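Visitor: One structure, as structure tokens, below. Some questions next.
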Amino acid sequence: MSRRAEAVLKDGRRLPYIITDNPPQGGMKYTYFAPDRSYVVQFFHDPDVVDAALHDRLTAIIGRYNPTLSEEEGGARGNTQEAAAYFSELFCWPVAVVTDPEFGIVCPTYPKKFFFGAGASSALDLAGKDKKGNWFTGRVRRYLAPQELGNFQTMLRLSISLARAVRRMHQAGLAHSDLSCNNVLIDPVSGSCVVIDIDSLVVPGLYPPEVAGTRGYIAPEVLAALDLPPGDARRAAPGLLTDLFALPVLLYQYLLKRHPLEGPKNYDLPAEEADFLIYGPKALFAEHPTDHSNRPADLRVTIRDLGPYLEKLFLRAFVDGLHDPEARPSALEWEKALVRTWDLLQPCAADCKEKFFVLHDTAHPCCPFCGTSVPDRRVLHLTRMRRVRGKAGQWIAAGTLNVYDGLPLFSWHFSDHVFPDEKAQDRTVQAYLSRKNGTWHLVNSAMDTLCSGTGERILRGSALPLAPGTLFGTWTEDTGVLWTCE
1 MSRRAEAVLK DGRRLPYIIT DNPPQGGMKY TYFAPDRSYV VQFFHDPDVV DAALHDRLTA
61 IIGRYNPTLS EEEGGARGNT QEAAAYFSEL FCWPVAVVTD PEFGIVCPTY PKKFFFGAGA
121 SSALDLAGKD KKGNWFTGRV RRYLAPQELG NFQTMLRLSI SLARAVRRMH QAGLAHSDLS
181 CNNVLIDPVS GSCVVIDIDS LVVPGLYPPE VAGTRGYIAP EVLAALDLPP GDARRAAPGL
241 LTDLFALPVL LYQYLLKRHP LEGPKNYDLP AEEADFLIYG PKALFAEHPT DHSNRPADLR
301 VTIRDLGPYL EKLFLRAFVD GLHDPEARPS ALEWEKALVR TWDLLQPCAA DCKEKFFVLH
361 DTAHPCCPFC GTSVPDRRVL HLTRMRRVRG KAGQWIAAGT LNVYDGLPLF SWHFSDHVFP
421 DEKAQDRTVQ AYLSRKNGTW HLVNSAMDTL CSGTGERILR GSALPLAPGT LFGTWTEDTG
481 VLWTCE
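Numbering of the sequence shown is given in full-length UniProt numbering, commencing with residue 1 and proceeding in unit increments.
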């Protein structure tokens, strides 16, 4: 049985919604859909949580901290229309406060791609359920239809998006405080993610955390101190640094399909007590470089297979920073490392389930997922060079690009001042790399400033043969880039 009702917003507007007998609900709120399902109205289970502080928190989150609204529209300071549109894809951000019939919020409905369809699984009834990350990274993954699983490239794409979303929150001084598989929905097919449950964001010193977090994603320092009384100086609270534990846990799960702290080590205790040690004071990275006591015997694909940028950060996060929060990499570092890893992707054989892998070792160009090797003649790495500031004529290595047939190149490949984030406006293909008659070529699609190493212009539509030592780029420009073939 359902009936139509109206929510009165803080600004006086009225929005219709449909009351149903068994509305979807989470730990803090229950949800009703709009008649056209374009938005939801959410009310709190416990009326005692509704106080002046919650009013202030939600007003601030919907307004001055909102990255999905431009500054002109009352959103985050300095936020452009383009940036607001970009981050609207990455966050399910509350858009209004409800004052009647009771206190609540209005949020956009998740896009359809974040819900399972009828054919998602032949073994489980998943139709209509939202795509929480643990469906794709845990043992239940085996029950999903192959077309739901995506591949390594799409999981890397959504990893970049998540790191970017967390970076944007942290730039504004916000912490999610409960990043987990439950609060980040993913679509491995399109390589998309959306961060949800935004209404509990933490503003350090202003709006404290409301929850400790979710099992497996609570930072060890928070879990270890949960039994201490409130106000105890030794009690750690969820915030930016605990986000920087949960973020790499999610990234590790997306890319390697397992939890970084779960291994064979156990403490012969009841489950709850064992969990406390495994995720808390005795937490140990399953891929710890010197202590192998928690390393699974069947560990086939490891952080080393993810390339040097991610391997380094995972070691910092789960070795140096596991019990030392200040040592954890920032979300911006994760974003940059993931983008640099994207540049090392290599397509694999058609029957490889992951379709792509990170080709970081040219001496052993082999897919860690299926074992397929890339013939030496088809392996080509380009080194990106940028100018050394203040030293005319000097260049320094700034990244590596793995080449494959048809690889597109964009504006950020040719400018030292452009990064492929929300600020990159030109996303058209500028050039591409092609293999023809056994030779690699750079083909200029749309650039007027592309030159060979001798300074000769590479005209639009023309191609430059590539061989070890070949130079090309926009190096004649002030912010240009020089590429060299290894």
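No residue lacks a Cβ here, since even glycine has one placed at the ideal position from N, Cα and C.
Quick caveat: nothing in here was measured; it's all calculated off a predicted structure.
With a Cβ-Cβ cutoff of 8 Å, do G239 and A317 count as a contact?
Guide: In the sequence shown, counting from the first residue as 1, residue 239 sits at position 239. In the sequence shown, counting from the first residue as 1, residue 317 sits at position 317. No; because the gap between Cβ atoms is not below 8 Å, this pair is not in contact.
Visitor: Using three-state DSSP, classify S445 as helix, strand or coil.
Guide: Looking up residue 445 in the sequence shown gives position 445. Secondary structure at S445: coil, using DSSP grouped into helix, strand and coil.
Visitor: Tell me whether R384 is buried or exposed, calling it buried when 16 or more other Cβ atoms sit within 10 Å of its Cβ.
Guide: For the purposes of this step, residue 384 is identified with residue 384 of the sequence shown, where counting begins at 1. Buried, since its Cβ has 16 or more Cβ neighbours within 10 Å.
Visitor: Anyone know if the C-beta pair for F91 and I160 falls short of 8 Å?
Guide: Residue numbering aside, residue 91 sits at position 91 when the sequence shown is read from its first letter. Residue numbering aside, residue 160 sits at position 160 when the sequence shown is read from its first letter. No, Cβ-Cβ distance for F91 and I160 is not below 8 Å.
Visitor: Are the stretch 308-315 and the stretch 264-284 in contact at 8 Å, needing three or more beta carbon pairs?
Guide: no
Visitor: Reducing DSSP to helix, strand and coil, say where I105 ends up.
Guide: Within the sequence shown, the letter at position 105 stands for residue 105. The answer is strand: DSSP assigns I105 an E or B state.
Visitor: Can you list, in chain order, the residues of its chain with a C-beta nearer than 8 Å to that of A5? Leave out the 5 residues immediately preceding and following it.
Guide: Taking the first residue of the sequence shown as 1, we reach residue 5 at position 5. For A5, where only same-chain residues beyond five positions count, the Cβ hits under 8 Å are P16, Y17, I18, I19, Y32 and P101.
Visitor: How many Å lie between R215 and V222 at the Cα?
Guide: Within the sequence shown, the letter at position 215 stands for residue 215. Within the sequence shown, the letter at position 222 stands for residue 222. Taking the straight line from one Cα to the other gives about 11 Å.
Visitor: From the DSSP output, in three-state form, read off D21 for me.
Guide: For the purposes of this step, residue 21 is identified with residue 21 of the sequence shown, where counting begins at 1. Coil at D21, not helix or strand.
Visitor: Within 10 angstroms of the Cβ of G406, are there 16 or more other Cβ atoms? Answer buried if so, exposed if not.
Guide: On the sequence shown, residue 406 is found 406 positions in, with the first residue counted as 1. Exposed.
Visitor: List the endpoints of the continuous beta strand (DSSP E) containing A5.
Guide: Position 5 of the sequence shown, counting from 1, holds the residue named residue 5. Membership of A5 in the beta strand (DSSP E) is indicated by the continuous run S2 to L9.
Visitor: Between the Cα of R234 and the Cα atoms of A246, L247, P220 and D243, which residue gives the shortest distance?
Guide: In the sequence shown, residue 234 corresponds to position 234, counting from 1. Nearest C-alpha to R234: P220.
Visitor: Out of A331, G307 and L322, which has the shortest C-alpha to C-alpha gap to H364?
Guide: For the purposes of this step, residue 364 is taken as residue 364 along the sequence shown, with counting starting at 1. The candidate whose alpha carbon is nearest that of H364 is G307.
Visitor: Closest to L409 by C-alpha separation, out of Q430, D361 and K423, would be which residue?
Guide: If you number the sequence shown from 1, residue 409 lands on position 409. If we check each option's Cα against that of L409, Q430 comes out closest.
Visitor: Let me confirm a value: E477 is counted as buried when at least 16 other C-beta atoms fall within 10 Å, else exposed. Which label applies?
Guide: As a first step, residue 477 is located in the sequence shown; it is residue number 477 there, counting from the start. A residue is called buried once 16 or more other Cβ atoms fall within 10 Å of its Cβ, and E477, having fewer, is exposed.
Visitor: Just checking my contact of G213 with D178 at CB under 8 Å: how many whole Å lie between their CB atoms?
Guide: One-based indexing of the sequence shown puts residue 213 at position 213. One-based indexing of the sequence shown puts residue 178 at position 178. The Cβ separation is near 5 Å, so the contact holds.
Visitor: Use the C-beta contact count for Q42: other C-beta atoms within 10 angstroms, 16 or more gives buried, fewer gives exposed.
Guide: Here residue 42 corresponds to residue number 42 of the sequence shown, with the count starting at 1. That one is buried.
Visitor: Would you list the one or two residues that DSSP bridges to G480?
Guide: Taking the sequence shown and counting its residues from 1, the one referred to as residue 480 is at position 480. DSSP output for G480 lists S415 as bridge partner(s).
Visitor: Closest to F136 by C-alpha separation, out of T68, A349, C193 and E73, would be which residue?
Guide: To locate residue 136, count along the sequence shown from 1; it is residue 136. Out of T68, A349, C193 and E73, the CA that lies nearest to the CA of F136 is found in C193.
Visitor: What residue ranges within the stretch 35-114 form continuous alpha helix (DSSP H) runs of no fewer than 4 residues, ordered along the chain?
Guide: 52-62 and 81-88
Visitor: By how many angstroms is the C-alpha of P289 removed from the C-alpha of V50?
Guide: Residue numbering aside, residue 50 sits at position 50 when the sequence shown is read from its first letter. Residue numbering aside, residue 289 sits at position 289 when the sequence shown is read from its first letter. When rounded, the distance between both Cα atoms is 48 Å.
Visitor: Should A83 be listed as close to the ligand FAD, given that the test is whether its C-beta is under 7 Å from any heavy atom?
Guide: The model depicted lacks the ligand FAD and carries no ligand whatsoever.
Visitor: What's the gap between the Cα of P420 and the Cα of V166?
Guide: As a position in the sequence shown, residue 420 is number 420, starting the count at 1. As a position in the sequence shown, residue 166 is number 166, starting the count at 1. Approximately 16 Å, taken between the alpha carbons.
Visitor: Compute the distance between the beta-carbons of N402 and D343, then report whether it is under 8 Å.
Guide: On the sequence shown, residue 402 is found 402 positions in, with the first residue counted as 1. On the sequence shown, residue 343 is found 343 positions in, with the first residue counted as 1. Yes. Within cutoff.
Visitor: Please list the terminal residues of the continuous alpha helix (DSSP H) segment that includes I198.
Guide: Numbered from 1 along the sequence shown, position 198 holds the residue referred to as residue 198. Where I198 is concerned, there is no enclosing alpha helix (DSSP H), given that its DSSP letter is neither H nor E.
Visitor: Output the boundary residues of the beta strand (DSSP E) element that contains P465.
Guide: As a working note, residue 465 is residue 465 in the sequence shown. Start and end: A463 to L466.
Visitor: Can you tell me which of the three DSSP states Y404 falls into?
Guide: Here residue 404 is taken as the residue at index 404 of the sequence shown, counted from 1. In this structure, Y404 counts as coil in the three-state DSSP scheme.
Visitor: Which one of V189, D320 and K257 has the shortest CA to CA distance from F369?
Guide: On the sequence shown, residue 369 is found 369 positions in, with the first residue counted as 1. Ranking the options by Cα distance to F369, first place goes to K257.
Visitor: Please look up how many angstroms separate the CB atoms of A123 and Y143, rounded, as I've assumed it's under 8 Å.
Guide: By 1-based counting over the sequence shown, the position of residue 123 is 123. By 1-based counting over the sequence shown, the position of residue 143 is 143. Confirmed, about 4 Å.
Visitor: Can you look up D421 in the DSSP assignment and give me helix, strand or coil?
Guide: Position 421 of the sequence shown, counted from the first residue, corresponds to residue 421. Correct three-state label for D421: coil.
Visitor: Work out the CA separation of A84 and G26 for me, nearest whole Å.
Guide: Here residue 26 is taken as the residue at index 26 of the sequence shown, counted from 1. Here residue 84 is taken as the residue at index 84 of the sequence shown, counted from 1. If you draw a straight line from the Cα of G26 to the Cα of A84, it is about 27 Å long.
Visitor: Please determine, among K423, A274 and I303, the residue with the shortest C-alpha to C-alpha distance to F285.
Guide: Working through the sequence shown from its first residue, we reach residue 285 at position 285. When only C-alpha atoms are compared, the closest one is I303.
Visitor: What whole-angstrom Cβ distance do H170 and A327 have, given they're in contact under 8 Å?
Guide: Walking along the sequence shown from the start, residue 170 turns up at place 170. Walking along the sequence shown from the start, residue 327 turns up at place 327. Actually they are not in contact, since the Cβ atoms of H170 and A327 sit about 16 Å apart, beyond 8 Å.
Visitor: Decide if the stretch 387-399 is in contact with the stretch 353-360; the criterion is three or more beta carbon pairs, one per stretch, under 8 Å apart.
Guide: no
Visitor: Take R300 and list the residues in its own chain whose beta-carbon comes closer than 6 Å to its own, dropping the five residues that flank it on each side.
Guide: Counting from one through the sequence shown, the residue named residue 300 turns up at place 300. Annotation for R300: no residue places its beta carbon closer than 6 Å to its own, counting only its chain and skipping 5 residues before and after.
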